[in-house]
Amino acid sequence: MRYLVFRPYWNLPRSIVHNEVLPALARDPGYLQRNDMEIVRGVGDDAQAIVASD
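Note that the sequence shown covers residues 19 to 72 in my numbering.
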């Protein structure tokens, strides 16, 4: 083994987004940051984080 990846990127299934993340985000706007999550647009090397604006 050459290396080990801790906390790798993981794409959430739509069911988890709709049933868990969106309700939590509606209750607490800081949910994503506190859980080390980000929303990205694109795929692979072209993916870019979407920054929330007030």
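Note that CB positions come from ideal geometry on N, CA and C, so glycine has one too.
- Message: Can you tell me where the alpha helix (DSSP H) holding Y21 begins and where it ends?
- Response: Note, Y21: premise wrong, no alpha helix (DSSP H); not H, not E.
- Give me the Cα-Cα distance between H36 and R59, rounded to the nearest whole angstrom. Those two C-alpha atoms are separated by around 17 Å.
- Query: For M55, which of L22, L43, Y21 has the nearest alpha-carbon?
  - Reply: If we check each option's Cα against that of M55, L43 comes out closest.
- May I ask which residues mark the beginning and end of the alpha helix (DSSP H) holding A44? Where A44 is concerned, the enclosing alpha helix (DSSP H) stretches over 40-45.
- Query: Does the distance from the CB of L50 to the CB of V39 come in under 9 Å?
  - Reply: Yes, they are a contact pair.
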